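Chemist: The opening residue of the sequence shown carries number 1380 in the working numbering; numbering runs sequentially from there. Here it is: the structure, laid out below.
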Amino acid sequence: MTHHEKTVMAFDDQGREYMIDVFVSTRELSEMQHTGATHGAPTFRTHDGHDVTYLGNGEFMVMVSGEEGGVTVRTDDSAFV
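This is how it looks when you write it as structure tokens:
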């Protein structure tokens, strides 16, 4: 099951704002030794539905149609810096 964990605000070099949604996949394990939920790696998407890749150090690559290679955006959100 995938659930929305948070939204991150990021900006490109021209100052345009991008709202990036962070989703986490959770799976319930029922084996006796491993009871409980486990979380997968987060996935990212803009509010507009564009795919996003986390590059590290507060940078994301937003795949926007018409932009070859995507748009690099930056956040100062402490979870990603």
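Every residue, glycine too, gets a C-beta built ideally from N, C-alpha and C. Computed from a prediction, not measured in an experiment: that's the story for all the values here.
1. Comparing alpha-carbon positions, which option in Pro1421, Lys1385, His1429 and Arg1395 lies nearest Arg1453?
2. Ends of the beta strand (DSSP E) at Phe1390?
3. Using alpha carbons as the reference points, say which of Thr1422, Glu1438 and Ile1399 lies closest to Asp1392.
4. Quick check: what's the CA-CA separation for Asp1430 versus Val1401?
5. Could you give the distance in angstroms between the alpha-carbon of Ala1458 and the alpha-carbon of Gly1449?
Modeler: The short version:
1. Arg1395
2. Thr1381 to Phe1390
3. Closest by alpha carbon: Glu1438.
4. The alpha-carbon of Asp1430 is positioned some 11 Å away from that of Val1401.
5. 22 Å
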